[in-house]
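Trainee: Under the numbering used here, the first residue of the sequence shown is numbered 2, with each subsequent residue one higher. Here it is, the structure, as structure tokens.
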Amino acid sequence: MTKLQLLAVTVLAAFVLGGGGYLAFDALHPYRPLVQTQGAERVAYVPPIVAEIERARKLRAEGKQGDAQKLLHKQLRISGKRPEAKEARALLGEINTEMFFSTEVPFGKTEYVVKRGDTLWRIARALDSTPQVIMRTNNMASDRLQPGDKLFVPIAEFTVTLDLPNERAVVHTGDGFFKQYPIVAINLRRAIKAPITTKMKGVTFWKEGTMLASPTDSERAASTPWLYLASGSYVLYGVSEEEGVSESAVEISETESKAPNPDIPPRGIALLKEDLVELQLLIDRGTPVTIIGKKL
């Protein structure tokens, strides 16, 4: 036997004996899966939007509303379908409202110098705003104007979507989302199957079952506003939290129902009173409104 043949036999024997040894070891020591060490905890996944919401809160507290606004817009584009997006929209709505009514944020506002013969209605109509928005922005206690007065006039071009399945009233601007308010009660004669496109028709104020004629600001604050839509006799009205909010706001009835509170219409869509008062500031007669009655 040559040296080469002897080497080949030796390698073959080592391979056979080694494989057999491994099989014997595996039979005597079967594989056991790794067991988690006692006391170790899994780290729960926290989506990035949660940390970004907190970051936006800090920016807002530091007076950097613009930075917080951009941050939340970005997160809603990325994670708009996550459950946490609801909190992000609520915070963004608060920031948008603060910036809209602030005289320290001139972006989106016109600085107007009052001229002789001007009225709030005339200024609002010329600059795409509303008298109520101008008064709140400039902290005016009265609608009286003096020539030379300087006013910041925000552009108030909004649209509203009443999303009944998701129980929310969403306000949009030309740039997108502005703010949303929860719908706390829905009492309609029949279900809305197809989206309805309508407009804001007008507003009245009620107290103790009586409609107030030409109410003062203090009377408005102590009364319940009703916002009328142009089609279908739909009414938006305000309620307090004490007047009761069910787990689901939706209630469709085929029979007449009479509300125990005389300041609440028998049929309509309810928001919290303070939310409806703010909504009434933002919109005016002719504001486009879409009612969504079922998920599309």
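All residues carry an ideal CB built from backbone N, CA and C; glycine is no exception. Predicted model only: the values in this text are computed from it and were never measured.
Measure how close the beta-carbons of leucine 283 and valine 134 come, nearest whole angstrom, since I'm counting them as under 8 Å.
Mentor: In the sequence shown, residue 283 corresponds to position 282, counting from 1. In the sequence shown, residue 134 corresponds to position 133, counting from 1. Confirmed, about 7 Å.
Trainee: Buried or exposed for alanine 142, please, with buried defined as at least 16 other CB atoms from any protein chain shown within 10 angstroms of its CB.
Mentor: In the sequence shown, counting from the first residue as 1, residue 142 sits at position 141. The residue is exposed, with fewer than 16 neighbouring Cβ atoms inside 10 Å.
Trainee: Going by alpha carbons, who is nearest to valine 185 out of Val47, Lys151, Leu237 and Ser103?
Mentor: Indexing the sequence shown from 1 puts residue 185 at position 184. The option with the nearest alpha carbon to valine 185 is Leu237.
Trainee: What first and last residue would you give for the beta strand (DSSP E) that runs through arginine 169?
Mentor: By one-based count along the sequence shown, residue 169 stands at place 168. From DSSP, the beta strand (DSSP E) with arginine 169 extends over 169-174.
Trainee: Please work out which residues of its chain come closer than 6 Å, Cβ to Cβ, to phenylalanine 206, disregarding the five sequence neighbours upstream and downstream, and give them in chain order.
Mentor: What you label residue 206 is simply residue 205 of the sequence shown in a count that begins at 1. Leu213, Pro216, Arg221, Ser224 and Pro226.
Trainee: State the start and end residues of the unbroken beta strand (DSSP E) segment that holds threonine 291.
Mentor: Numbered from its first residue, the sequence shown carries residue 291 at position 290. Counting along the chain, the beta strand (DSSP E) containing threonine 291 begins and ends at 289-293.
Trainee: Look at the alpha carbon of alanine 69 and the alpha carbon of arginine 56, and state the distance between them as a whole number of angstroms.
Mentor: Taking the sequence shown and counting its residues from 1, one reaches residue 69 at position 68. Taking the sequence shown and counting its residues from 1, one reaches residue 56 at position 55. Approximately 8 Å between the Cα atoms of the pair.
Trainee: In the DSSP output, what is phenylalanine 153 paired with across the bridge?
Mentor: The count along the sequence shown starts at 1 and reaches residue 153 at position 152. BP columns for phenylalanine 153 point to Glu112.
Trainee: If we call anything under 8 Å between Cβ atoms a contact, is threonine 366 one with lysine 200?
Mentor: Examination of residue 366 is not possible in this model, given that the chain is present from 2 through 297 alone.
Trainee: Whole angstroms is fine: what's the gap from glutamate 209's alpha carbon to isoleucine 265's?
Mentor: The count along the sequence shown starts at 1 and reaches residue 209 at position 208. The count along the sequence shown starts at 1 and reaches residue 265 at position 264. Between glutamate 209 and isoleucine 265, the C-alpha separation is close to 10 Å.
Trainee: Looking at the secondary structure, which residues open and close the alpha helix (DSSP H) in which leucine 230 lies?
Mentor: Within the sequence shown, numbered from 1, the residue matching residue 230 stands at position 229. Here leucine 230 belongs to no alpha helix (DSSP H); instead the beta strand (DSSP E) covers 225-230.
Trainee: Taking the CB atoms as reference points, tell me whether threonine 138 and proline 155 lie closer together than 8 Å.
Mentor: Against the sequence shown, residue 138 aligns to sequence position 137. Against the sequence shown, residue 155 aligns to sequence position 154. Cβ distance < 8 Å, so threonine 138 and proline 155 count as in contact.
Trainee: Which of helix, strand or coil does DSSP assign to valine 134?
Mentor: Here residue 134 corresponds to residue number 133 of the sequence shown, with the count starting at 1. Note: valine 134 maps to helix in three-state DSSP.
Trainee: Please list, in chain order, all residues of the same chain as phenylalanine 101 whose beta carbon is under 7 Å from its beta carbon, the five residues on each side excluded.
Mentor: Taking the sequence shown and counting its residues from 1, the one referred to as residue 101 is at position 100. Closer than 7 Å at the Cβ level, and outside the excluded window around phenylalanine 101, lie Pro155.
Trainee: Which residue or residues does DSSP assign as beta-bridge partners of isoleucine 96?
Mentor: Working through the sequence shown from its first residue, we reach residue 96 at position 95. According to DSSP, isoleucine 96 bridges with nothing at all.
Trainee: Cα separation between leucine 152 and glycine 175?
Mentor: In the sequence shown, counting from the first residue as 1, residue 152 sits at position 151. In the sequence shown, counting from the first residue as 1, residue 175 sits at position 174. The straight-line gap from Cα to Cα measures roughly 23 Å.
Trainee: Suppose the cutoff is 8 Å on Cβ atoms and the five residues either side in sequence are ignored; what does the same chain contact list for alanine 91 look like?
Mentor: Residue 91 sits at position 90 when you count from the first residue of the sequence shown. For alanine 91, where only same-chain residues beyond five positions count, the Cβ hits under 8 Å are Gln181.
Trainee: Please report the residue range of the beta strand (DSSP E) in which proline 49 lies.
Mentor: The count along the sequence shown starts at 1 and reaches residue 49 at position 48. Counting along the chain, proline 49 falls outside any beta strand (DSSP E), though it belongs to the alpha helix (DSSP H) covering 49-62.
Trainee: Going by alpha carbons, who is nearest to valine 204 out of Val44, Leu73, Lys65 and Gln281?
Mentor: The residue labelled residue 204 in the question sits at position 203 within the sequence shown. Answer by Cα proximity: Gln281.
Trainee: Could you check the C-alpha separation between isoleucine 96 and lysine 110 for me, to the nearest Å?
Mentor: Mapped onto the sequence shown, residue 96 falls at position 95. Mapped onto the sequence shown, residue 110 falls at position 109. One C-alpha to the other measures close to 16 Å.
Trainee: Quick one: grab the DSSP three-state call for valine 278.
Mentor: Taking the first residue of the sequence shown as position 1, residue 278 is located at position 277. Correct three-state label for valine 278: helix.
Trainee: Comparing alpha-carbon positions, which option in Glu279, Asp285, Ile292 and Arg286 lies nearest isoleucine 1?
Mentor: The structure shown does not extend to residue 1, since the chain spans only 2 to 297, so no value can be given for it.
Trainee: Provide the residue span of the beta strand (DSSP E) that contains isoleucine 270, from first to last.
Mentor: Walking along the sequence shown from the start, residue 270 turns up at place 269. 269-273 is the extent of the beta strand (DSSP E) around isoleucine 270.
Trainee: By Cβ distance below 7 Å, which residues in the same chain neighbour aspartate 150 in space, the five residues on each side in sequence not counted?
Mentor: The residue given as residue 150 occupies position 149 in the sequence shown. So the list reads Val115, once near-sequence residues are dropped.
Trainee: Just the C-alpha distance for isoleucine 81 and aspartate 144, rounded to the nearest angstrom, thanks.
Mentor: Taking the first residue of the sequence shown as 1, we reach residue 81 at position 80. Taking the first residue of the sequence shown as 1, we reach residue 144 at position 143. Checking the sequence shown, residue 81 turns out to be glycine, not isoleucine. One C-alpha to the other measures close to 41 Å.
Trainee: Whose C-alpha, out of Gly118, Val171, Gln76 and Thr162, is nearest the C-alpha of glutamine 147?
Mentor: If you number the sequence shown from 1, residue 147 lands on position 146. Of the listed residues, the one whose Cα sits closest to glutamine 147 is Gly118.
Trainee: Could you spell out where the alpha helix (DSSP H) holding aspartate 218 opens and where it closes?
Mentor: Counted from its first residue, the sequence shown places residue 218 at position 217. Per DSSP, aspartate 218 belongs to the alpha helix (DSSP H) from 218-222.
Trainee: Count the other C-beta atoms from every protein chain shown that fall within 10 angstroms of the C-beta of asparagine 188, then say buried if there are 16 or more, exposed otherwise.
Mentor: In the sequence shown, residue 188 corresponds to position 187, counting from 1. Buried.
Trainee: Quick test of your reading: proline 48 and glutamate 85, contact by CB under 8 Å. State the CB separation rounded to the nearest angstrom.
Mentor: If you number the sequence shown from 1, residue 48 lands on position 47. If you number the sequence shown from 1, residue 85 lands on position 84. At roughly 6 Å, the Cβ-Cβ gap stays under 8 Å, so proline 48 and glutamate 85 are in contact.
Trainee: By alpha-carbon positions, which one of Arg169, Asp218 and Lys274 ends up nearest to glycine 240?
Mentor: Counting from one through the sequence shown, the residue named residue 240 turns up at place 239. It should be pointed out that residue 240 corresponds to valine in this sequence rather than to glycine. Of the listed residues, the one whose Cα sits closest to valine 240 is Lys274.
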